[in-house]
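Accompanying notes for the structure given below.
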């Protein structure tokens, strides 16, 4: 019997097509869009199971930030062991330390802005891989040449990850919360530094293989951090669309005055590392007069513990106030440090390390707040890397110089010279902050909320999935272009 055209149409709608039941049902009006939406939701759920959410991504990025100072301080408590085993002079010990910041500076010079092009996740993973290789080399090092190689890889790892991780913390933080990101960055670095001293000191003192086991533990931590970072979102809302190419480090136009002030503050903070981790272990051993490595490490870790606490409590302070107070605190700390070495008084040394922690934290926090406020979102990774480049280059140069002086003239002269250099940098920081117009720095701080709120609409989170979208003010034109 011949079918009417209406009956044929109804049969085609409900009957299975040649590709199975789904092809016929999909022709029913409304079902096609529902199936498409279901597939999209399943795809999102599948992606979400392999991608961290915004809050988790923030804390993983904080972990990467923390590992940067852990890598810097990791060998601090083992330097006396190396010196005894291989008869190293203070010059060689300081040179081992100095390879690290100098290699960081080289990497930042060459690849400082690469995360703005390839993404934060990829750059952090490369950095963690290099750090892991450096820790492995230290764990099996048979002679001093291996230590130099290990420190070089540690420097490469930190150079690749320090800028992107700090930028990622800003981008994964809530809108108008860049001050919180700066505060947590300071605390994360302090926690990494303290962990290196305390965990390293405990393992060296009470566990077997004192020169190796602490680095084995560090390798395990780095592997765990690498796995967590693997699940960070793959796309970055502020990623530059052009291809990366090598170019000399630079800063965005309009941020140079703010950059100079912030860079001086952060550089002054980082030069503390040329004294505390590099020469501090020997100073602590001489003053504490204890053969217990954990006790000596605890004395040094007071610097990091105080820095972490102050970094959280000082978050409400304006950046210029933080930098000024930090410079004053660091100046006082250097006076106490020189006095403790001259008089061989442990109490003065503990007061010096605690006060230095206050100064470091305020200087670093204020400088980071200023540059986070001024840097354009699309150049944030490169700008932060440029900031760290200046800081690490200064720290490496000062550490090398102090090592030579300690060998030639003694530890006391080296400490006096280092304390004087840091006090001088503190004075320059105060002058720069005072000479910069208040309105400029305050505009940068106040602009943080506005600029970040403007940036945030470009990234929306659906569950655990990060979906870049244009700002609301441009949605009409954007939809029309689609």
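Numbering (our numbering), first residue to last: 147 to 628. In this text, a Cβ means the ideal position worked out from N, Cα and C, and glycines have one as well. The structure presented is a predicted model; accordingly, all values stated were derived computationally and were not measured.
Contact check, residue i vs residue j, beta carbons under 8 Å
i	j	result
residue 560	residue 571	no
residue 270	residue 375	yes
residue 532	residue 258	yes
residue 540	residue 504	no
residue 97	residue 213	Missing from the structure shown is residue 97; the chain here goes from 147 to 628 and no further.
residue 223	residue 309	no
residue 332	residue 219	no
residue 288	residue 428	no
residue 422	residue 488	no
Neighbourhood of residue i by C-beta distance below 6 Å, restricted to the same chain and skipping five residues each side
i	result
residue 483	498 and 565
residue 411	469, 509, 512, 513 and 575
residue 307	210, 270 and 273
residue 313	526, 527 and 530
residue 217	277, 300 and 304
residue 413	536, 537 and 540
residue 342	216, 219 and 220
Spatial distance of residue i from residue j (CA atoms)
i	j	result
residue 437	residue 405	44 Å
residue 238	residue 420	14 Å
residue 439	residue 348	7 Å
residue 256	residue 200	30 Å
residue 293	residue 582	43 Å
residue 542	residue 431	23 Å
residue 364	residue 291	21 Å
residue 467	residue 477	16 Å
residue 228	residue 337	25 Å
residue 261	residue 370	22 Å
residue 500	residue 479	8 Å
residue 593	residue 516	Low confidence applies here, because residue 593 scores a pLDDT of 46, under 50, leaving its location unreliable and the question unanswered by this model.
residue 244	residue 557	17 Å
residue 315	residue 278	22 Å
residue 203	residue 362	26 Å
residue 569	residue 234	30 Å
residue 450	residue 472	15 Å
residue 519	residue 550	39 Å
residue 463	residue 356	42 Å
residue 319	residue 236	43 Å
residue 351	residue 555	30 Å
residue 111	residue 435	Absent from the structure is residue 111, since the part of the chain shown begins at 147 and ends at 628.
residue 246	residue 577	30 Å
residue 481	residue 408	24 Å
residue 281	residue 426	21 Å
residue 325	residue 372	26 Å
residue 263	residue 401	20 Å
Among the options, nearest to residue i - alpha-carbon criterion
i	options	result
residue 241	457, 250, 555 and 545	545
residue 403	579, 362 and 246	579
residue 456	379, 197, 328 and 554	328
residue 330	460, 425, 552 and 407	460
residue 536	451, 248, 562 and 213	248
residue 340	522, 318, 221 and 429	221
residue 458	507, 415, 422 and 401	507
residue 573	415, 289 and 325	415
residue 534	488, 426, 251 and 326	251
residue 522	232, 317 and 285	317
residue 567	286, 417 and 285	417
residue 208	465, 311, 502 and 488	311
7 Å Cβ shell around residue i - same chain, five flanking residues per side excluded
i	result
residue 433	486, 490, 492 and 495
residue 167	Because the pLDDT at residue 167 is just 39, under 50, the model does not fix this residue reliably, and the value given afterwards should be weighed accordingly. Closer than 7 Å at the Cβ level, and outside the excluded window around residue 167, lies no residue.
residue 302	249, 253 and 276
residue 206	198, 374, 375 and 378
residue 283	292, 295, 296 and 299
residue 553	235, 236 and 237
Range of the contiguous alpha helix (DSSP H) that encloses residue i
i	result
residue 442	439-459
residue 247	236-257
residue 196	Segment: none, residue 196 is in no alpha helix (DSSP H) and carries neither H nor E.
residue 355	Residue 355 -> no alpha helix (DSSP H), and no H or E assigned at all.
residue 297	290-318
residue 495	492-520
residue 463	Premise fails: residue 463 is in no alpha helix (DSSP H) and is neither H nor E.
residue 405	402-416
residue 276	266-286
residue 551	526-555
residue 230	225-232
Chain-order list of residues whose beta-carbon lies under 8 Å from that of residue i (same chain, five-residue window excluded)
i	result
residue 196	377
residue 344	440, 443, 444 and 447
residue 380	197, 265 and 267
residue 366	none
residue 563	547, 548 and 551
residue 230	none
Residue i Cβ short of 7 Å to the ligand FMN heavy atom set
i	result
residue 372	Looking for the ligand FMN in the displayed structure turns up nothing, as the structure carries no ligands at all.
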